[in-house]
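Residue numbers (the numbering used here), protein chains in the order written: chain P, 16 to 357; chain D, 16 to 357. Note that the Cβ used here is the ideal one computed from N, Cα and C, for glycine as well. Comments concern the structure below.
Protein chains: 2
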Amino acid sequence: MTDIGSDRVERRRRATSVEVARLAGVSQSAVSRCFTVGASIAPDTREKVMTAARALGYRPNVLARGLVGSRTDLVGVVVGNLDTPFEAFLFDRLTDALAAIGKKPLVVRSDPAGDVARPLLAALDYQVDGVVVLAGGVTRATVDSAKLLGVPLILYGFVTTADLVDCVCCDNAAGARLVADALLASRYRRAAYVTGRSSAFSEGERRAAFLDRMARGGRPVVRVVEGDYSHAGGMRAGLALLSAAARPDAVFCGNDATAFGVIDAARRRLGLRVPEDVAVIGFDDVPMAAWPGYDLTTVRNPVDAIVATVRDMLARRLADAGEPYVVHRTTPTLVRRGSAAV
Amino acid sequence: MTDIGSDRVERRRRATSVEVARLAGVSQSAVSRCFTVGASIAPDTREKVMTAARALGYRPNVLARGLVGSRTDLVGVVVGNLDTPFEAFLFDRLTDALAAIGKKPLVVRSDPAGDVARPLLAALDYQVDGVVVLAGGVTRATVDSAKLLGVPLILYGFVTTADLVDCVCCDNAAGARLVADALLASRYRRAAYVTGRSSAFSEGERRAAFLDRMARGGRPVVRVVEGDYSHAGGMRAGLALLSAAARPDAVFCGNDATAFGVIDAARRRLGLRVPEDVAVIGFDDVPMAAWPGYDLTTVRNPVDAIVATVRDMLARRLADAGEPYVVHRTTPTLVRRGSAAV
DNA sequence: CTGAAAGCGCTTACAG
DNA sequence: CTGAAAGCGCTTACAG
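This is the structure:
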């Protein structure tokens, strides 16, 4: 480390509304009104206040404001890992959308086990206006603790029967059926499935719908291998699947990261051609899926639609807490690229 | 949307310390002490308070606590885009590290122009204990506004002479020299460079050091093409570079995403072999660089070391605001993989 | 439109 | 160890 100086700076307090009031020659209430939208204040009073505020570098203390009871403009965002492409992409867009409606994301990480209760409570301690959960499920008890405080709770990627939360979730079954139908209409005959994390809500829906549709279509899935939504898991599954004697000629994966792993296993480890020897299909359509290196055929999980829905749900519930609770399913589409001849 | 119910829940207030005190039959001060580490309280008083607190589901209101003046445990994190692999990876690890020292990240996005002043002020409105800037540079005025409030400011990826901030930054020049030296010792003769975003601090250092070292080594860089740290920018640069008559046989890129783009251009668009026809080298060593699909030789920008340093700097400055300001350079290493025969 | 006053839920000296 | 009281910086009725 290199020391580049040590001049101490006086720790100066922020200016307060009382100080601004004194300088402007008005009451403290008047200062407050100047910074409250819709409050009635005379033009020249406002002028005096604003001049004084500028001179002192005054900005209202949001904590004090929040304490009085109105809004904090804080929104808790509960997330698990962010180093996975889809989650990072979703989080990026979500924070943008929240900023657009004047909300600041307070990030609380769910622990590895996916427990959402503790981070949720942590967010509530900060009097957040609402909470968006991007990771994992919630229990009834967790939901209740939030609802009892009147804090809107919005879940992504998880649908619960507890009618006290709003949910946004991809129609996973529809997405899986799109893939099944494309495969059934193709030259591929032996399809396999690589799962996501088995505890994930989406996984159950995707798997069940895919297996069911393939069976009904007369080409039941020949093998199901465990994945974990990671590239490494996809590699392992791909190696197991494609080095077997009777290998599948098509692999549908629980998400894109898994599909990238399967492609790498096929091409780089086993010398197979994609899509000639084996088709690989993912789920999510992360930006990387469009890169020529993978050129992945995949189900688009529409992030922009998801984020817009979350934002609107939050805004609506902030405006009227009494609206009926809603489950919104976003509609997936199949994006055909080079990794599967479908 | 499907309506799944509409039973309204009473918006019940959180329990306050006064209510807990009443139930426990003690003073409100006693309740407060039970939730203040190191405060003196009799064991059986604590017992009574805790029982009452549990019964009422009491948790201290952090906003009120923050208002009184101690800590909020909020740390502002200023970030630009998070949908790029390195930033997402860094952000993921940083939020983990902050959580480990009991801090909650308040995320404020810098605007596209990279302006850090506005988001910084927004964070300060919440009385954050400190601010970590992951994106872009800061001006002297911005630094001052934070310092005058006594709020520690830690910059990643940017080194300033303003001696009022702590900086953590990869030794970009050293990293670029590692690449140059590896190329000078190799069979590659015609090296090119694809830049990052020209406004970025890191870009200037990487470029200058690479060009200088190659020139001194007797194999001056044959061409410099503009990139923007994105995969798409890398593709464009790669196409321009590698479809030219006298193409380079080695390409060093401003970051990994750019390198992935160059590799995709070479292999998928131009049918060139990497590393036989052209070597491609990146900077950062994002997790994806190790995937067999790219198997990228790159300079490791040590995220864990960066994050640990940021965390320690913050903790130290929170403990003693008077410490000398510091610029910490993390040491990069060259990770040799399959994309370059060096 | 404006100001005096109460109050949000805590922490922190200050006596005891 | 404990309680009464002041005060953090605001917003919001309430009079005027």
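Top-ranked residue by Cα proximity to residue i, from the options
i                 : options                                   : result
Val239 of chain D : D:Gly165, D:Pro263, D:Asp327 and D:Glu291 : D:Pro263
Ala320 of chain D : D:Ala114, D:Thr345, D:Tyr73 and D:Asn76   : D:Thr345
Arg221 of chain D : D:Thr313, D:Thr176, D:Asp279 and D:Leu149 : D:Thr313
Pro235 of chain D : D:Phe216, D:Ala265 and D:His343           : D:Ala265
Met328 of chain P : P:Ile116, P:Gln43, P:Glu62 and P:Val35    : P:Ile116
Lys63 of chain D  : D:Gly53, D:Gly337, D:Ser42 and D:Arg28    : D:Ser42
Ser9 of chain P   : P:Val325, P:Val342, P:Arg28 and P:Val52   : This structure does not reach residue 9 of chain P, given that chain P is present from 16 up to 357, and the question cannot be answered.
Ala68 of chain D  : D:Asp98, D:Arg326, D:Arg37 and D:Ala330   : D:Arg37
Pro307 of chain D : D:Arg315, D:Ala336 and D:Ser354           : D:Ser354
Arg315 of chain P : P:Arg61, P:Ala188 and P:Gly242            : P:Ala188
Leu285 of chain D : D:Leu254, D:Tyr141, D:Leu199 and D:Leu333 : D:Leu254
Arg212 of chain P : P:Gly232, P:Gly248 and P:Leu199           : P:Gly248
Ser201 of chain P : P:Met229, P:Glu218 and P:Thr175           : P:Met229
His343 of chain D : D:Leu139, D:Tyr171 and D:Arg192           : D:Tyr171
Asn76 of chain D  : P:Thr60, P:Arg61 and P:Asp140             : P:Asp140
Ala128 of chain D : D:Asn96, D:Thr66 and D:Pro339             : D:Asn96
Arg192 of chain P : P:Thr176, P:Ile296 and P:Asp292           : P:Ile296
Val325 of chain D : D:Pro58, D:Arg80 and D:Gly145             : D:Gly145
Ala261 of chain P : P:Thr175, P:Thr66, P:Ala207 and P:Gly219  : P:Ala207
Tyr203 of chain P : P:Ala259, P:Glu218, P:Asp292 and P:Gly219 : P:Asp292
CB-CB length for residue i against residue j, believed under 8 Å
i                 : j                 : result
Cys268 of chain P : Phe225 of chain P : With 8 Å as the limit, Cys268 of chain P and Phe225 of chain P do not qualify as a contact, their Cβ atoms being about 10 Å apart.
Ala14 of chain D  : Tyr244 of chain D : Missing from the structure shown is residue 14 of chain D; chain D here goes from 16 to 357 and no further.
Pro290 of chain P : Gly190 of chain P : Actually they are not in contact, since the Cβ atoms of Pro290 of chain P and Gly190 of chain P sit about 19 Å apart, beyond 8 Å.
Thr110 of chain P : Val122 of chain D : 6 Å
Leu71 of chain P  : Ala30 of chain P  : 4 Å
Val166 of chain D : Val143 of chain D : 6 Å
Met250 of chain D : Asp227 of chain D : Actually they do not touch by this definition, with Cβ atoms about 28 Å apart.
Arg205 of chain D : Val237 of chain D : 5 Å
Phe216 of chain P : His246 of chain P : Rounded, the Cβ-Cβ distance is 21 Å, inconsistent with contact.
Ala252 of chain D : Val277 of chain D : 6 Å
Tyr73 of chain D  : Val131 of chain D : That belief does not hold up - the Cβ atoms of Tyr73 of chain D and Val131 of chain D are roughly 39 Å apart, past 8 Å.
Lys119 of chain P : Ala103 of chain D : Actually they are not in contact, since the Cβ atoms of Lys119 of chain P and Ala103 of chain D sit about 20 Å apart, beyond 8 Å.
Leu311 of chain P : Arg352 of chain P : 6 Å
Start-to-end residues for the alpha helix (DSSP H) that takes in residue i
i                 : result
Ile169 of chain D : Premise fails: Ile169 of chain D lies in the beta strand (DSSP E), Leu168 to Tyr171, not in any alpha helix (DSSP H).
Asp196 of chain P : Asn187 to Leu199
Phe225 of chain P : Phe216 to Arg231
Arg326 of chain P : Val318 to Ala334
Arg202 of chain P : Counting along the chain, Arg202 of chain P falls outside any alpha helix (DSSP H), and DSSP gives it neither H nor E.
Ala440 of chain D : Given a span of 16 to 357 for chain D in the structure shown, any question on residue 440 of chain D remains unanswerable.
Beta-carbon gap between residue i and residue j smaller than 8 Å
i                 : j                 : result
Leu78 of chain P  : Leu78 of chain D  : yes
Ala294 of chain P : Val194 of chain P : no
Val93 of chain D  : Ala150 of chain D : yes
Val90 of chain D  : Leu105 of chain D : no
Cys182 of chain D : Phe173 of chain D : yes
Phe50 of chain D  : Asn270 of chain D : no
Pro317 of chain P : Asp98 of chain D  : no
Leu82 of chain D  : Leu179 of chain P : no
Ala223 of chain P : Leu257 of chain P : no
Arg108 of chain D : Val322 of chain D : yes
Val350 of chain D : Asp300 of chain D : yes
Ser32 of chain P  : Ser55 of chain P  : no
Val209 of chain P : Gly242 of chain P : yes
Continuous beta strand (DSSP E) stretch holding residue i: start and end
i                 : result
Val147 of chain D : Gly145 to Val148
Val341 of chain D : Val341 to Thr345
Leu349 of chain P : Thr348 to Val350
Val236 of chain P : Val236 of chain P -> no beta strand (DSSP E), and no H or E assigned at all.
Arg28 of chain P  : Where Arg28 of chain P is concerned, there is no enclosing beta strand (DSSP E), given that its DSSP letter is neither H nor E.
Asp299 of chain D : Ala294 to Asp299
Arg315 of chain D : Thr312 to Arg315
Tyr208 of chain D : Ala206 to Val209
* Asked: Mind pulling the beta strand (DSSP E) runs of 3 or more residues that sit fully within the stretch 64-143 of chain P?
  -> 89-94 and 119-124
* Completely contained beta strand (DSSP E) runs for the stretch 240-281 of chain P, where each covers 3 or more residues -> 265-268
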